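Note that the protein sequences, when read in sequence, are chains A and B.
Here the first sequence is numbered in our numbering, starting from 596 and rising by one per residue.
Here the second sequence is numbered in our numbering, starting from 203 and rising by one per residue.
I have placed the structure first, in the form of structure tokens, so that the comments after it can refer back to it.
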Amino acid sequence: MSKGCVWKYADDVNTDVIFPGRYTYRIMEPAEMAKHALEDLDPEFAKNVKPGDVIIAGKNFGCGSSREQAAACLRAAGVQAVIAKSFARIYFRNAINLGLAVLQCAEASDALRTGDEVDIDFAGGKIISGGRVFKFFPLPASVIGIIEAGGLIEYTKKRLGT
Amino acid sequence: MGKTLTEKILGRKAGREVSAGEVVTVSPDYYLSHDNSAAIIGEFKKLGVARVRAPEKIVIILDHIVPAADEKYAQNHKAIREFAAAQAIPNFFDIQHGVCHQVLSEEGFALPGKVIVGSDSHTTTYGAFGAFAAGIGRTETASIWATDEIWLRVPETLKVEFSGKFQAGVYAKDAILKIIGDNGADRANYEAVEFSGPAAGVFSAASRMTMANMAAEMGAKNAYFEPDAVTLDWVKGRAKSEYEVVRSDADAAYEATLKYDLSSLEPQMACPHTVDNVKPVREVEGKPFHQALIGTCTNGRLEDLEAAAKILKGRRIHASVRALVLPASRVVYLDALRQGLLEILSEAGCVILNPGCGPCLGAHEGLLAAGEVVVSTSNRNFRGRMGNRDSEIYLASPATAAASALEGKITDPRKYT
């Protein structure tokens, strides 16, 4: 179980507001990326986010560009999971490939508010907040191997025996 | 039960019959990357392999910030050039060629039946020619460079059937904006989109690219027109390799079918700050703006520049606006030059930029200040994308952008047709 505070946003949070295009080819270091996370959506986020915090969003989180920094910057900022009603497909893949947990749970998305404290039980598939329990959509079996290896780079290294 | 084009293409690659929902591991025909190759190289180096697995399948096209806008970008480009040479990657296209999706298509890699993945969300564009083409991320691309493999979930398919024909002043861009506006930015998330119906044949090769390109804005994994005479005419003389024409079976299963009559379609506009915030242009008419952008992978082809030039010929854009023109490739640039279109556009007061992505992604060549408004033929209008977070992006067809530039306010282009 790991505890964190909720940052809540709406539907269709796109990759341009998660990590602006003006930085995509300039900033290569994850720690630097974290300083610009959600800059055009919520300028307070990067200044105040704490390790273990959780982003709650509506549907289609991460729509838009395929830029991977939109997942990397959140992970580098210490976000332990993004919980949304649904994810855009490239974002979903990128997040898994980088080891950022992306959990689909409409009930938690509706119920939780900014500032709520949440515990996530990844193994048990549960999100717990103030006595409320929300079950989340389990990840497809095909991607569990990638997550267990710690991301796609480690997974591929294992496969290649390098 | 019959199969969709996507099920057939992925099934052939997987070596077995597959249906929507299954996961397949396939070896793609080509994998695209652009300026982000610098970051992909970094990930590739972590994998501990010395050589890429299949150099002939890698297509690298520098287009996002070309020529390099500063030292940092120059350093990235240099690293990519050195890697392409060291790994003997034959299909490396340097800064003079144009936008990756246009160049990859012109160079004959985008062919019926091919599986193409690219580390760019608008990789869907190649479905215009009957390929399966999907966007992926950087880490995934690095892994494919090393393994020549990717896992893919076979998507369900949403069918969009067209009937009728376009009225004067109405274009493919208006059709795709209308579809996205009606159905939402996530309507086709994880799905394939098939553009078909009795009027599919009225879409030119260029306008099919516009449609497949923007299907990404409704979440599509891939989007396509089934190969027909228009497709075969385009690939003739261009094809880089053997290809197989694949079409959907008549009894294939679709998630849903949407129907659109092109005859009743009018010019459309996506208003700030989401691509599905779409209104008829006449409802936004009269709004003053500051910059027009005609070009990009969505609408920077010859027919797009022709539509703009037809409206601007012998006229001057309004003194209160500036207009940028970005041909999608060097080939388009040369054709437009030879046909006198660039002369018309320049005389009208437009700035002709080099082929590339330019200001579309907010990196260089004409960004917006706080409070400024752009009418752009590109594919995204997210907050802050083309500059300051307090600027606004309206997406429209090249004709709407040109007519609006002429009047200095958002204008329905049908009065000029």
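For every residue, glycine included, the Cβ atom is placed at its ideal position computed from N, Cα and C.
All values derive from a computational prediction rather than experimental measurement.
> Among the residues of its own chain, which have a CB less than 8 Å from the CB of B:T476, if the five just before and after it don't count?
Replying inline: A387, N583, F584
>> Starting from B:T208, trace the alpha helix (DSSP H) in both directions and tell me its first and last residue.
In response: 207-216 is the span of the alpha helix (DSSP H), which, as asked, contains B:T208.
>> With three or more C-beta pairs closer than 8 Å as the rule, is the stretch 714-734 of chain A touching the stretch 312-324 of chain B?
In response: no
> Per DSSP, which one or two residues make a beta bridge with B:N583?
Replying inline: DSSP output for B:N583 lists no bridge partner at all.
> Nearest-angstrom Cα distance between B:K280 and A:R621?
Replying inline: 14 Å
> Can you tell me whether B:T459 is buried or exposed, with buried defined as 16 or more other CB within 10 angstroms of its CB?
Replying inline: Exposed, since its Cβ has fewer than 16 Cβ neighbours within 10 Å.
> How many Å lie between B:G589 and A:G616 at the Cα?
Replying inline: 9 Å
> chain B partners of A:G616, CB-CB under 7 Å?
Replying inline: L563, G564, A565, R587
> Going straight from the alpha carbon of A:I715 to that of A:K654, what length do you get?
Replying inline: 20 Å
> What are the residues of the stretch 642-672 of chain A that lie near chain B, defined by any Cβ-Cβ distance shorter than 7 Å?
Replying inline: K654, N655, C658, G659, S660, S661, E663
>> Restricting to runs no shorter than 4 residues, where is the alpha helix (DSSP H) found entirely within the stretch 700-726 of chain A?
In response: 701-706
> Are any of the Cβ atoms in chain B nearer than 9 Å to that of A:A626?
Replying inline: no
> Can you name the residues of chain A whose CB is closer than 7 Å to the CB of B:N391?
Replying inline: Under a criterion of Cβ atoms nearer than 7 Å, the residues of chain A adjacent to B:N391 are, in order, N655, S681, A683, R684.
> If you compare alpha carbons, which of B:V527, B:V486, B:N479 is closest to B:T500?
Replying inline: B:V527
> From A:Y618, A:L669, A:R662, A:R684, pick the residue whose C-alpha is nearest to that of A:N643; which is it?
Replying inline: A:L669
> Around the Cβ of B:S466, are there at least 16 other Cβ atoms within 10 angstroms (buried) or fewer (exposed)?
Replying inline: exposed
>> Given a cut-off of 9 Å on the beta-carbon distance, is the pair A:K630 and A:E712 in contact?
In response: No.
>> I'd like to check one pair, B:E508 with B:Q541: are the Cβ atoms closer than 9 Å?
In response: Contact flag set, yes.
> Who pairs with B:L460 in a beta bridge, going by DSSP?
Replying inline: B:V362
> What is the residue span of the beta strand (DSSP E) that A:Y750 lies within?
Replying inline: Element bounds for A:Y750: not the beta strand (DSSP E) but the alpha helix (DSSP H), 747-755.
> So, are the CB atoms of B:P529 and B:G502 less than 9 Å apart?
Replying inline: yes
>> So, under 8 Å CB-CB, B:V523 and B:H492 are touching, yes? Tell me the CB distance rounded to an integer number of Å.
In response: 6 Å
> How should A:I722 be labelled, buried or exposed, when 16 other C-beta atoms within 10 angstroms of its C-beta is the threshold for buried?
Replying inline: buried
>> In the DSSP assignment, the beta strand (DSSP E) including B:V319 goes from what residue to what residue?
In response: 317-320
>> For the stretch 333-351 of chain B, list every residue whose C-beta sits within 8 Å of some C-beta in chain A, in sequence order.
In response: G337, I338, G339, R340, T341, E342, A344, S345, A348, T349
>> According to DSSP, simplified to helix, strand and coil, what is B:E574?
In response: coil
>> Checking the sheet assignment: what are the DSSP bridge partners for B:P482?
In response: B:Q470
> Which whole-angstrom value describes the C-beta separation of B:V254 and B:I260, a residue pair presumed to lie in contact below a C-beta threshold of 8 Å?
Replying inline: 6 Å
> Can you give the Cα-Cα distance for B:R517 and B:A525, rounded to whole angstroms?
Replying inline: Taking the straight line joining both Cα atoms gives about 13 Å.
> For A:Q568, which option in A:V649, A:S724, A:S704 has the closest C-alpha, if you only look at C-alpha atoms?
Replying inline: With chain A running from 596 to 757 in the structure shown, residue 568 of chain A is simply not present.
> Expressed to the nearest angstrom, what Euclidean distance is found between the alpha-carbon atoms of B:A394 and B:Y232?
Replying inline: 19 Å
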